[in-house]
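Numbering (the working numbering), first residue to last: 10 to 479.
This is how it looks when you write it as structure tokens:
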């Protein structure tokens, strides 16, 4: 018996769920298909890598800005209209990118796609929580995580094949029809789950949120591109933090906030968010340092890097389903504790690698790490949102996703700086020895953060059955 029939969903609700998941898949797939297309874009449009990189940077900035706004949009507008609007924006953006006669057209297309992706992530999480009864939400979120874990693994491979066979234009053209199909089907299947509210958008909050997140993430992106801190990055990050604190204080003072930060009063929710932030701050940098280890230190090709990531993605997807089922049956403590232990073990193994470690060991370590991610992330996210009342779940989802983005950017920037500082201490900072030392130092920092995460999980996560707090 499937989760849909077990949860008592109607045929229309099942189709609706699958359409939402399809929208999420397309959105996440889009985030990873851009990289293989960049060399062709640089060649055809005569731009250098620093300019082409803005196709990734602008997407990250705009998507992050949209996430907190989505909570207001879900209060104000129809779910059906919002979802269709997001998918149509995605379609328009994809068509602009496929056309792409000039670089500024590509930027506009990526902005449209980013607005769509920023809306879809918290929206779909919220709708899944509304559709499924509380005893089935773990499995629902596990199924959702399975799909969005597979998409990043497929994206670069698919994009690379299409670029080689056709051109980078066709990469974007090929996904537009999928978005159109999802939009059309959603028109007939998406129902309303909550009453709309006559709320007005606090424009000052919107400005503060947008400016703060943009400044913070831009500063972090400078660090990532330069491989270390600079005066510009420090100023941007500090300005972003100050503005976001101002934004947070304003949300607590005004009667109708854009983002309901009072969800953090829930002990379960705030505990889960804190653990997810530590996890996110330490885990995202692997996508930077593992390719350096595999390609620069070990001397393998970019294809080998993709092969290392591929089984990890499938492992994450499978464990997401399992962790969701365990969560629904027993609560969060068991899967989250095992996941935290797996992450800690994998990070210590990374710290012990040397320049001649066998590649099979990297496959195993990354697969264990990916399993840990699924065992921790899926139950924690579900547990956090389950602790909230139905009418603020969408605010909780937006808060969770916003803090996830911010902590990931800050953590990656700090850890890349650690790697850069260690490498700069060598006479030849670009040597294999320097790269290996930087990699090990970063891995040690990750291991320390994962140890802290395990301690927090051990003391904070409990399988209590108390009534939801907020």
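Quick reminder that beta carbons are idealized off the backbone N, C-alpha and C, glycines included.
As the structure is a prediction and not an experimental result, all values here were calculated from the model.
Below 6 Å CB to CB, which residues in the same chain sit around residue i once its five sequence neighbours on both sides are set aside?
| i | result |
| --- | --- |
| residue 417 | 289, 293 |
| residue 154 | 329, 387 |
| residue 106 | 115, 118, 181 |
| residue 269 | 401, 404 |
| residue 266 | 260 |
| residue 379 | 321, 324, 325 |
| residue 432 | 438, 443, 447 |
| residue 48 | none |
| residue 472 | 340, 342 |
| residue 382 | 325 |
| residue 1 | Coverage of the chain is limited to positions 10 through 479, which leaves residue 1 absent and any answer about it impossible. |
| residue 163 | none |
| residue 445 | 306, 364 |
| residue 41 | 161, 164, 165 |
| residue 99 | 122, 125, 188 |
| residue 352 | 381, 459 |
Can you have a look at residue i and say buried or exposed, based on whether 16 or more other CB atoms are within 10 angstroms of its CB?
| i | result |
| --- | --- |
| residue 243 | exposed |
| residue 26 | buried |
| residue 277 | buried |
| residue 337 | buried |
| residue 252 | buried |
| residue 146 | buried |
| residue 173 | exposed |
| residue 400 | exposed |
| residue 207 | exposed |
| residue 312 | exposed |
| residue 20 | exposed |
| residue 384 | buried |
| residue 84 | buried |
| residue 272 | buried |
| residue 263 | exposed |
| residue 86 | exposed |
| residue 59 | exposed |
| residue 470 | buried |
| residue 368 | exposed |
| residue 216 | exposed |
| residue 258 | exposed |
| residue 131 | buried |
| residue 9 | Coverage of the chain is limited to positions 10 through 479, which leaves residue 9 absent and any answer about it impossible. |
| residue 466 | buried |
| residue 275 | buried |
| residue 370 | exposed |
| residue 240 | exposed |
To which residues of the same chain is residue i closer than 7 Å at the C-beta, ignoring the five residues directly before and after it?
| i | result |
| --- | --- |
| residue 191 | 28, 31, 32, 35, 96 |
| residue 61 | 47, 50, 51 |
| residue 219 | 74 |
| residue 453 | 360 |
| residue 141 | 16, 149 |
| residue 296 | none |
| residue 10 | Interpretation of residue 10 is limited by its pLDDT of 47, a score under 50 that renders its predicted location unreliable; no figure is taken from the coordinates. |
| residue 37 | 157, 160, 161 |
| residue 301 | 444, 448 |
| residue 129 | 32, 33, 36, 95 |
| residue 44 | 165 |
| residue 223 | 70, 74 |
Residue i CB to nearest chain C CB: under 8 Å?
| i | result |
| --- | --- |
| residue 425 | Given the protein chain composition of this structure (a single chain), no chain C is represented. |
By Cβ distance, which residues of its chain are closer than 8 Å to residue i, with the 5 residues on each side in sequence left out?
| i | result |
| --- | --- |
| residue 196 | 89, 93 |
| residue 426 | 232, 237, 238 |
| residue 413 | 285, 286, 289 |
| residue 81 | 208, 210, 267, 268 |
| residue 193 | none |
| residue 212 | none |
| residue 435 | 442, 443, 446 |
| residue 56 | 50, 112 |
With a floor of 3 residues, list each beta strand (DSSP E) that falls wholly inside the region 295-333, ordered by position along the chain.
none
Could you tell me whether the region 329-340 touches the region 137-152, using the rule of 3 or more Cβ pairs below 8 Å?
yes
What are the start and end residues of each continuous alpha helix (DSSP H) run of 4 or more residues lying completely inside the region 330-397, in chain order?
342-360, 368-395
contact_flag[the region 410-430, the region 222-237] where n(CB pairs < 8 Å) is 3 or more:
yes
Is it a yes or a no for the region 315-330 touching the region 443-459, going by three-plus beta-carbon pairs under 8 Å?
Touching, no, given that fewer than three Cβ pairs across the two stretches are closer than 8 Å.
Restricting to runs no shorter than 4 residues, where is the alpha helix (DSSP H) found entirely within the region 76-153?
88-108, 112-140
For the 8 Å Cβ check, are there 3 or more pairs between the region 61-80 and the region 158-176?
no
Count Cβ pairs between the region 74-88 and the region 123-135 that sit closer than 8 Å; are there 3 or more?
Touching, yes.
Alpha helix (DSSP H) segments (min. 4 residues) lying fully within the region 152-240:
177-182, 185-198, 212-235
Counting beta carbon pairs with one atom in the region 433-451 and one in the region 300-310, are three or more of them shorter than 8 Å?
The region 300-310 makes contact with the region 433-451: 3 or more CB pairs, one atom from each, lie closer than 8 Å.
Can you check the region 236-299 for any alpha helix (DSSP H) of at least 4 residues that lies completely inside it and give the ranges in chain order?
240-262, 276-292
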